[in-house]
Amino acid sequence: MSGSDSTPFLSQADDTDDGPAPGIPGLPGPMGNPKSEDPEVLDREGLQRITGLSSGRSALIVAVLCYINLLNYMDRFTVAGVLPDIEQFFDIGDGSSGLIQTVFISSYMVLAPVFGYLGDRYNRKYLMCGGIAFWSLVTLGSSFIPKERFWLLLLTRGLVGVGEASYSTIAPTLIADLFVADQRSRMLSVFYFAIPVGSGLGYIAGSKVKDVAGDWHWALRVTPGLGVLAVVLLFLVVREPPRGAVERHSDSPPLNPTSWWADLRALARNPSFILSLGFTAVAFVTGSLALWAPAFLLRSRVVLGETPPCLPGDSCSSSDSLIFGLITCLTGVLGVGLGVEISRRLRRSNPRADPLVCAAGLLGSAPFLFLSLASARGSIVATYIFIFIGETLLSMNWAIVADILLYVVIPTRRSTAEAFQIVLSHLLGDAGSPYLIGLISDRLRRGWPPSFLSEFRALQFSLMLCAFVGALGGAAFLGTAVFIEGDRRRAQLHVQGLLFEAGPADDRIVVPQRGRSTRVPVSSVLI
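For the record, in the sequence shown the residue sitting at position 121 is 121 according to full-length UniProt numbering, with numbers rising by one throughout.
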């Protein structure tokens, strides 16, 4: 067992490592002048000497983290897979059932900054173990709630946010401390493949387990068992790497965490971090499509005369939900891989490649999403084709945005940055977008005569807001491209011990020159 795991529970021993001695093979030499070129990328031997982990062990750690990420999204969509049965069991309507997701997202948003703060200061492995163990117990308990206690189901779904917040804010920072450069991008792409795949498996697990067992409660008992396995794997396989060691020079001191308010001030002054919140547009669009696309496709088929309308007391067709779910899985996997590969190739000639690829994905998806809505009254096949292309372009952002956040923010603030990105992307994105789309649709229908065509048109026009929001997100990433080089350089200098932050009112920084510290303007360093 490595030294970092022999320390007391929740200790921060990883930041007490002074790093290897100068001259170790595979490590770059001292930078010297802050204006020098970026340090060379560590080779496999250099990474192993710094982290104390072989390349095979590091890959195994990423595999465990991917498994847990898959499990997180399975749990989210397992409830959606058996939602009609939940409504029938508790005798609730659509409004009450919608609270199940709202309560979860609200809890998730509140707890994410808490675990972001803890993840930057304490042992991340044990934080994740505790959070996932708690989440597994709460999820299992929710499957035994009697029908008279719907409020208790809402409470347990809110507590599930503990496990998700403890994991989602911390896991990407572990990957960042194990790999650098293109290796990190590839591992993050593998990590984020779990989102579309886990979402699809959640629908499948929820519906199929219910069919086999004959009781929807058993669908909620699958992920807790897998969660126990996740805790065991975390404890036995994952090791806590030293924060930021793979990015700093061997002769530079380890980074120490600053106060939470200092972290927030630094993030607020980081334009690349602020503008990369254009990812909120991705959350807005995907949240809207996840809820409303199947209903829109069904209404389109009704207007085209391809399927009978869904009347009260009748069973609605589920074919569009199944097809859209499969499209979501395929486009997610394809888009994540395509985005990472394009960015990796362009990065060789253009250091702004990451935000430019994100911008291209969002700006490119907007017209295809618009065309999918506009063509729905003429051809359902054309609609599916345009949705496939639009969602593929939209999915190109997932891993790249995570990579941007990791290299423009110093290691001791990354969990906090992840947490606030989660809060804002949910708060301004998928937490409210489904409700907003439905509200606009209802308002439009009030002015039209009641008919299946008016239901279709109202939802069609309201969903067009997604194309507009996607274009705004693309513009935000174009802004990120303007600042990305300077912010990345600043983070590199800080990690390597060549840049120290001054007070909040001071616009000058401290750099070492000829054996002593000297204050110089930021503009003289970031060239």
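We put the CB at the ideal spot given by N, CA and C, even for glycine. This structure is a prediction, so every number in the text was calculated from the model and none was measured.
Segment contact: the region 419 to 434 against the region 129 to 147, fewer than three CB-CB distances shorter than 8 Å; contact not assigned. Between the alpha carbons of S189 and S168 lies a gap of roughly 15 Å.
For E418, the enclosing alpha helix (DSSP H) stretches over residues R414 to S425. Assignment of L178 by DSSP, reduced to helix, strand and coil, places it in the coil class.
By the C-beta criterion, the region 274 to 282 is judged to be in contact with the region 473 to 492, since at least 3 inter-stretch pairs fall below 8 Å.
When only Cα atoms are considered, S379 and V302 end up about 12 Å apart.
DSSP places F144 in the coil class of the three-state scheme, outside both helix and strand.
The residues P196, V197, S199 and G200, in chain order, have a CB closer than 8 Å to that of C329 in the same chain once the five nearest residues on each side in sequence are set aside.
By the Cβ-count criterion, D91 is exposed, with fewer than 16 other Cβ atoms from all chains shown falling within 10 Å of its own Cβ.
With respect to F193, V336 sits close: the two C-beta atoms are nearer than 8 Å.
Under the criterion of beta carbons closer than 8 Å, I437 and W292 qualify as touching, at roughly 6 Å. Within the region 195 to 270, the alpha helix (DSSP H) runs of at least 4 residues that lie entirely inside it are, in chain order, 222 to 237 and 260 to 268.
With respect to R243, T416 sits apart: the two C-beta atoms are not nearer than 8 Å. Between L362 and A353, the CB-CB gap reaches or exceeds 8 Å. Fully contained in the region 437 to 479 are the following alpha helix (DSSP H) runs of length 4 or more, in chain order: 452 to 463. Classified as buried, W216 has 16 or more neighbouring CB atoms from the shown chains inside 10 Å of its CB. In this structure, I170 lies near G119, with their beta-carbon atoms less than 8 Å apart. Residue environment for N256: exposed (fewer than 16 other C-beta atoms within 10 angstroms of its C-beta).
Contact between the region 358 to 373 and the region 391 to 398 is present, with at least three C-beta pairs closer than 8 Å.
Contact annotation: F191 and V62 have beta-carbon atoms nearer than 8 Å. In the pairwise beta carbon analysis, the region 154 to 161 is classified as touching the region 97 to 108: at least three pairs are separated by under 8 Å.
Per DSSP, the unbroken alpha helix (DSSP H) holding S288 starts and ends at F279 to L304. Just so you know, the alpha carbons of A491 and L405 end up roughly 11 Å apart. With at least 16 other beta carbons inside 10 angstroms of its own, S166 counts as buried. Ranking I385, P351, L465 and A419 by CA distance to the CA of R488 puts P351 first.
In this structure F370 touches A467 by the C-beta definition: roughly 4 Å separates them, less than 8 Å. The Cβ-Cβ distance between F461 and P309 does not fall below 8 Å. Assigned with DSSP and collapsed to three states, M74 falls in helix. Secondary structure of T139 (DSSP, three-state): helix. Annotated as proximal: E418 and T173, with beta-carbon spacing under 8 Å. If the five residues before and after I440 are omitted, its C-beta is found closer than 6 Å to the C-beta atoms of S462, all from its own chain and listed in chain order. S136 has its alpha-carbon roughly 6 Å from the corresponding atom of G227. Between R221 and L152, the CB-CB gap reaches or exceeds 8 Å.
Its Cα nearest to that of L275, the residue V482 stands out among V482, H494 and G56. Taking the CA atoms as reference points, R157 sits about 23 Å from Y126. Going by beta carbons, I410 and V495 fall inside the 8 Å limit.
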